[in-house]
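Engineer: Here the sequence shown is numbered in the numbering used here, starting from 152 and rising by one per residue.
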Amino acid sequence: MGKEWKEKQIRLIADKVFDRVKNDTGRTNLTFEELYIAVLLIFNDLNKRLPGPHFDPPTKEQVKSLMLESDINLDGELNREEFVKFIRKITKDTFISVSQGLIVALAVAPTVALLTKRTTENVPGVGRVVQKIPNSVYASLVTLAIVAFQQGVERS
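(1) Starting from L121, follow its DSSP beta bridges and name the residues at the other end.
(2) To which residues of the same chain is V293 closer than 6 Å at the C-beta, ignoring the five residues directly before and after it?
(3) So the candidates are F300, L266, G278, A299; which of them puts its Cα closest to the Cα of A290?
(4) Considering only their Cβ atoms, is the gap separating D196 from I164 smaller than 9 Å?
(5) Could you give the DSSP three-state label for L229: helix, strand or coil?
(6) Can you tell me whether V172 is buried or exposed? The criterion is at least 16 other CB atoms within 10 Å of its CB, across all chains shown.
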């Protein structure tokens, strides 16, 4: 389901941006300049919506190179299907990075939380309070703290 969801999201983003740029110009295909504007729009959306660090868009040279790879009919422009393939290529690393961050935050953090709960048993005052908190609540609190810390570090 994860891969299908990701593909669907990429398609939705690509279609939305393609239509927006196309409507501004009235053309059916995207030139290099329009494509670069589309890339900037996509990375702006990704940075707003995805958790994790800020993702810089590719440079103009990288966009030009990927455009040449994605331009199947060699007309110097990208149609909708070529654009979707292009978007898959430029967002591949972004989704991998986000996935790894979520795995750490959502899988490793609760385990660390439960281990730290055991270490607080002998701390005077704090130990009794922490032991009274249910494991699920404690794990959630520590996970939230780790995610908040992670986001704070990434913004710095």
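C-beta: ideal position from N, C-alpha, C; glycine also.
Structural biologist: Reading it off the structure:
(1) Here the chain covers residues 152 to 307 and nothing more, so residue 121 does not appear.
(2) A264
(3) L266
(4) yes
(5) DSSP, reduced to helix, strand and coil, places L229 within a strand of the structure shown.
(6) buried
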